[in-house]
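Here's the structure we're looking at; comments come further down.
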Amino acid sequence: MAKIPILPIFTNSLPFFFVFFLFTFPATGEEQIFGKPVDRKTLGFKKEKASHLHFFWHDILSGPKPTSIRVIQPANISSANFRFGMTNIIDNPLTIGPELKSKCVGRAQGIYASACQEELGFLMVMNLAFIEGKYNGSTLTVLGRNPALENVREMSIVGGSGLFRFARGYVLARTQMLNLKTGDATVEYDAYVLHY
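Just so we're aligned: the sequence shown equals residues -29 to -1, 1 to 167 in mature numbering (1 follows the signal peptide of the UniProt record, and there is no 0).
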């Protein structure tokens, strides 16, 4: 009767059994917790304050250095669907005054997309990244619907960073200039934000 060599079979399976038992036995040591209450003072919360920021947003599609680039063309270009699906990536300057050459205080970085078939309405997703003064290095995150042909549009501030941690509020947008030939636009923004 022939003997079956057991040792080589066991030797080849040893790494498998080691890994299997390693992951099937519960870990010892301190229990890991996904979430737990935190004392607000440890996060550096101070008294909540309200701030109003006023600036101009420049959407430049033309010229040698556009700040708004179309990344998705609409599937059906017709006036009936308001270019539904068109999507732009932006890195638009934010200035103190309505002129593009006025002092730049930040950049609007994000995406806007034509998300309405009934009117010219955009989904706006952008960070307002400030580069001047007290708010240098801080951001506000704006998310909302922008019905572009209305005189005043309101969008939500859903967060922020730096001095705007835990921010919430809203922005009001008013078109100051729209070049129908190039698509370039200047929009006045008033941001009302609660932050710590």
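We put the beta carbon where it would ideally sit given N, CA and C, even for glycine.
- Burial is judged here by how many other beta carbons sit within 10 angstroms of a residue's own beta carbon; Gly68 has fewer than 16 and is exposed.
- Minimum Cα-Cα distance from Lys152 among the listed residues Leu120, Ile31, Ser22 and Gly15 corresponds to Ile31.
- The way I'd put it, the stretch 107 to 125 does touch the stretch 89 to 97; three or more beta-carbon pairs between them come closer than 8 Å.
- Residue burial is scored here from C-beta neighbours: Asn47 has fewer than 16 other C-beta atoms within 10 angstroms and is therefore classed as exposed.
- Contact check between the stretch 27 to 43 and the stretch 57 to 67: three or more CB pairs, one atom from each, fall below 8 Å, which counts as touching.
- DSSP places Tyr160 within a strand segment (E or B) once states are collapsed to three.
- Its Cα nearest to that of Ala138, the residue Lys18 stands out among Lys18, Ile40, Val9 and Ala86.
- Around the beta carbon of Asp155, a 10 Å sphere encloses 16 or more other beta carbons of the protein chains shown; the residue is thus reported as buried.
- Within a 10 Å sphere around the beta-carbon of Asn150 sit fewer than 16 other beta-carbons, which makes this residue exposed.
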